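Undergrad: Protein sequence lines correspond, in order, to chains A and B.
Sequence positions in the first sequence follow our numbering and run -8 to 185.
Sequence positions in the second sequence follow our numbering and run -8 to 185.
Where a beta carbon is used, it is the ideal one built from N, C-alpha and C, also for glycine.
Computed from a prediction, not measured in an experiment: that's the story for all the values here.
What follows is a structure written as structure tokens; I'll ask about it next.
Protein chains: 2
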Amino acid sequence: MSKKGLSKKERQRLLIKTITDDPFLNDEELSEKFNVSIQTIRLDRMELKLPELRERIKTVAEENYAKVRSIDIAEIVGELVDLELDKRGISILETTSKMTFGKTKVIRGEIIFAQANSLAIATIDAKVALTGVANIKYKLPVYAGQKLVAKAEVTRVRGNKKFVFVKIYVKQQEVFRGKFILVSLEDEEKKTDI
Amino acid sequence: MSKKGLSKKERQRLLIKTITDDPFLNDEELSEKFNVSIQTIRLDRMELKLPELRERIKTVAEENYAKVRSIDIAEIVGELVDLELDKRGISILETTSKMTFGKTKVIRGEIIFAQANSLAIATIDAKVALTGVANIKYKLPVYAGQKLVAKAEVTRVRGNKKFVFVKIYVKQQEVFRGKFILVSLEDEEKKTDI
DNA sequence: TATACTTTTAGTATCTACTCTTAAAAGCAA
DNA sequence: TTGCTTTTAAGAGTAGATACTAAAAGTATA
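Here is the structure:
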């Protein structure tokens, strides 16, 4: 109803925009929007190689479903390449664009933190550990594609508290450092206060 | 092929799980999985009021599409319930067993950190922000099922550096606190050192 | 063992939102 | 008017269902 007297070119340009804006419109709704017949919309979609409604919906669903799954930060630990329990550990994380902010290539802070935190926990000889306190510092932004090498070192053990120093590097350049105080929960299963 | 000799109840229980795990399976694939006819699957879906494949896909698509539209910060961990830019923000995160360590019910530190970090970034009025330094403290362990309420407050603004204080609560009890220094990258696009 | 009831399977018609094909009408330009 | 593009129409076929009817198979009970 709204768009009248458009040239074929204009209509097709707008069609692409309309479909990317709202992929949930079927051919009939589109034909009403552009004041043409369904067949014209279908011809347009064919020429522009635009997928049909159900395909569009499926794509949206799959993309986001994958996103939700990849956002599972719990799984981001990197690859453990060296480990001497209660002494030191090294892990490597290959960063991807999935770990960035929407438009930029800058890796999100929680991803880097997750690598450091996971490594700190892995380095500790305890079935379950919990981050008590962590002083962390981001020194340089990390970009998608860069390989993060995290090195953990256990500096002090005091009862069920263990102090771990984690440094993360990109090509020998330090990009992050953090001090983790980890508390083993084995002897403290019942207590809530740490 | 895999599931044989299941009772109706068992099959229906598994069907719900299967469909929520992977909403992209059609009735035929489900019937093969459970070694029953398509009609049986359809009867089951009717009884359990489970929507058909296309409806399920549409729901997945719409949920995530709405999410991406409502907040440009698609990476937010937890649900943003209140926001006054550059002043304060509140987000809620329902914890699940997926966010825990292997056997225990203790939520992983990086999940809690991610909520705090994301909220801090969302609260800042900048297209892209990066965590510069964060002093964080875990005060109590969080268990799966608990609802995390994160409250962020912008305490200081100095040039392109903004200081955000985030506290996370479980039922009024503080479980985490952290001070984030966020650096806007807008004016610093070219610089790498922060 | 026969009867009753539940569960499963089968078959047909109908639906939506298409594709793919053939064909005709409408618009416009030389 | 002829020739070309653009648009519309009509018909058959498709996937993945719904809705309905009916029959077969399985199980429990008297």
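1) With residue 141 (chain A) and residue 82 (chain A) assumed to form a contact (beta carbons below 8 Å), what rounded beta-carbon distance in angstroms separates them?
2) Along the beta strand (DSSP E) that carries residue 24 (chain B), what are the first and last residues, could you check?
3) Rank B:99, B:172, B:106, B:164 by C-alpha distance to the C-alpha of residue 126 (chain A) and give the top, closest one.
4) Beta-carbon within less than 8 Å of residue 78 (chain A)'s beta-carbon, same chain only, minus the 5 sequence neighbours each way: which residues are those?
5) Which class does residue 87 (chain B) belong to by DSSP, given the choice of helix, strand or coil?
6) Please determine, among B:70, B:30, B:96, the residue with the shortest C-alpha to C-alpha distance to residue 139 (chain B).
7) For residue 132 (chain A), does the count of other Cβ atoms within 10 angstroms reach 16, so buried, or fall short, so exposed?
8) Could you confirm whether any beta carbon from chain A is found closer than 9 Å to the beta carbon of residue 82 (chain B)?
9) Rounded to whole angstroms, what's the CA-CA distance from residue 103 (chain B) to residue -2 (chain A)? Just pull it up for me.
10) Do you know how far the Cα of residue 53 (chain A) is from the Cα of residue 65 (chain B)?
11) Let me check understanding here. Comparing Cα to Cα, which of B:148, B:165, B:108, B:149 lies closest to residue 129 (chain B)?
12) Less than 9 Å between the beta carbons of residue 134 (chain A) and residue 98 (chain A), yes or no?
13) Going by C-alpha to C-alpha distance, which of A:137, A:15, A:27, A:2 sits closest to residue 49 (chain A)?
14) Around the C-beta of residue 106 (chain A), are 16 or more other C-beta atoms found within 10 angstroms, so that it is buried, or is it exposed?
15) Quick one: which chain B residues come within Cβ less than 7 Å of residue 49 (chain A)?
16) Is it right to say residue 11 (chain B) is buried, meaning 16 or more other beta carbons lie within 10 angstroms of its own, or is it exposed?
17) Look at the alpha carbon of residue 37 (chain A) and the alpha carbon of residue 29 (chain A), and state the distance between them as a whole number of angstroms.
18) Report the option in A:44, A:158, A:96 whose CA atom is closest to the CA atom of residue 137 (chain A).
19) Restricting to Cα atoms, I'd like to know which of B:0, B:2, B:162, B:-4 is closest to residue 85 (chain B).
20) Counting only the same chain and skipping the five closest in sequence on each side, list residues whose C-beta sits under 6 Å from that of residue 168 (chain B).
21) In angstroms with no decimal places, state the Cα-to-Cα distance between residue 18 (chain B) and residue 1 (chain B).
22) What is the residue span of the beta strand (DSSP E) that residue 156 (chain B) lies within?
23) Can you name the residues that DSSP bridges to residue 79 (chain B)?
24) Label residue 73 (chain A) either buried or exposed according to how many other C-beta atoms from any shown protein chain fall within 10 Å of its C-beta, with 16 as the threshold for buried.
TA: For this structure:
1) Contact annotation, residue 141 (chain A) with residue 82 (chain A): C-beta distance approximately 5 Å; criterion of less than 8 Å satisfied.
2) Element bounds for residue 24 (chain B): not the beta strand (DSSP E) but the alpha helix (DSSP H), 18 to 25.
3) Residue B:172 is the option with its Cα nearest to residue 126 (chain A).
4) Within its own chain, the residues whose Cβ lies closer than 8 Å to the Cβ of residue 78 (chain A), once the five positions on either side in sequence are excluded, are 114, 144, 145, listed in chain order.
5) If DSSP states are grouped into helix, strand and coil, residue 87 (chain B) belongs with coil.
6) It is B:70 whose Cα lies nearest to the Cα of residue 139 (chain B).
7) The residue is buried, with at least 16 neighbouring Cβ atoms inside 10 Å.
8) Contact of residue 82 (chain B) with chain A is not assigned, every C-beta pair being separated by 9 Å or more.
9) About 54 Å.
10) Any reading at residue 65 (chain B) needs caution, since the residue's pLDDT is 36, under 50, leaving its predicted position unreliable; the model's value is listed next. Cα to Cα, residue 65 (chain B) sits roughly 16 Å from residue 53 (chain A).
11) Nearest Cα to residue 129 (chain B) within the set B:148, B:165, B:108, B:149: B:165.
12) In contact: residue 134 (chain A) and residue 98 (chain A) (Cβ atoms closer than 9 Å).
13) Nearest of A:137, A:15, A:27, A:2 to residue 49 (chain A), Cα basis: A:15.
14) Counting of Cβ neighbours within 10 angstroms places residue 106 (chain A) among the buried residues, the total reaching 16 or more.
15) Chain B residues near residue 49 (chain A): 48.
16) A residue is called buried once 16 or more other Cβ atoms fall within 10 Å of its Cβ, and residue 11 (chain B), having fewer, is exposed.
17) Approximately 12 Å between the Cα atoms of the pair.
18) Nearest of A:44, A:158, A:96 to residue 137 (chain A), Cα basis: A:96.
19) The shortest C-alpha separation from residue 85 (chain B) is found at B:162.
20) Counting only residues of its own chain and dropping the five nearest sequence neighbours on each side, residue 168 (chain B) has a CB closer than 6 Å to the CB of 128, 158.
21) Rounded to the nearest angstrom, the two C-alpha atoms are 17 Å apart.
22) It spans 152 to 161 - the beta strand (DSSP E) in which residue 156 (chain B) sits, taken as one unbroken run.
23) Answer by DSSP bridge pairing, in chain order: B:75, B:144.
24) Result: exposed.
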